[in-house]
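To keep things clear, I will list the structure first and then write my remarks on it.
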Amino acid sequence: MKAKFRCFIGLGSNLDDPIQQVSSALNELALLDKCELINASSLYASAPVGPQDQPDFINAVAEIETELSPEALLDQLQLLEQKHQRIRERHWGPRTLDLDILLYGHQIIETERLIIPHPYMYERSFVLYPLAEINPNLSMPKGLPLSELLTACPMGSLLKI
Ligand code: ROI
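Heads up: the sequence shown at position 22 corresponds to 22 in the numbering used here, and the numbers run straight through without jumps.
Shown next as structure tokens:
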């Protein structure tokens, strides 16, 4: 039997009915081969981080258990993004669906395609608060508790919907 890893996936959308995009992506995650959806956060609305001339985002975080390697999981997530007709207009620009591997077990991964933990997750309220909703006792691969990251990260415009 292959080892299974607990992973957290960040979901985000700010185009073409974002609530629908994120809700259906959560259902699609649940159907992925060799993946089990363990938990999903509520949906959250937030002002864009980065360029401000784009619509507000809908974000959520999903917890899955998977036998897929990090690269194979990334392939699956990129296929889902394509299914949602993701167009990368510009760096940090609007998107129909963004799926990021935030954490893969307690592994630290730095390859050409993947940096895990996700490099920006420590400072983004739209990642940290949904993560805390489903797993308040989580700690990062080097042992830093999520609760400590939260005290340094105000909720800002983040709104649970
Ligand atoms: N801002 C918010 N609020 N939510 C996101 O998911 C998000 N994703 C991005 C950028 C454009 C950086 N800003 C975001 O990729």
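A virtual CB, placed ideally from N, CA and C, is assigned to each residue, including glycine.
Within the segment 97 to 126, the complete beta strand (DSSP E) segments of 3 residues or longer fall at 98 to 104, listed in chain order. Around the CB of M121, 16 or more other CB atoms lie within 10 Å, so the residue is classed as buried. In the three-state scheme derived from DSSP, where H, G and I count as helix and E and B as strand, N27 is classed as helix.
The continuous stretches of beta strand (DSSP E) do not include S139, and DSSP gives it neither H nor E. Measuring C-alpha to C-alpha distances from I116 to each of L31, E71, P154 and P55 identifies E71 as the nearest.
By the Cβ-count criterion, G143 is exposed, with fewer than 16 other Cβ atoms from all chains shown falling within 10 Å of its own Cβ. Taking the CA atoms as reference points, N59 sits about 9 Å from N14. With the rule of 3 Cβ pairs closer than 8 Å, the segment 93 to 105 counts as touching the segment 47 to 67.
Within the same chain, L37 and A62 come within 6 Å of L29 by CB-CB distance, once the 5 residues on both sides are set aside. About 5 Å separates the beta carbons of S46 and L158, which is inside the 8 Å limit, making them a contact pair. Its chain contains P141 as the residues whose beta carbon lies nearer than 7 Å to that of H106, once the 5 sequence neighbours on both sides are disregarded; these appear in chain order.
Distances taken from the Cβ of P136 to the heavy atoms of ligand 1 include none shorter than 7 Å. The beta-bridge partner set that DSSP reports for A62 consists of I9 and A40. Set against 7 Å, the gap from the CB of G105 to the closest heavy atom of ligand 1 is not smaller.
Taking the C-beta atoms as reference points, Y104 is found no nearer than 8 Å to C35. Ranked by Cα distance from F5, the options Q85, T151 and T66 are led by T66.
Between ligand 1 and the CB of N59, the shortest heavy atom gap is smaller than 7 Å.
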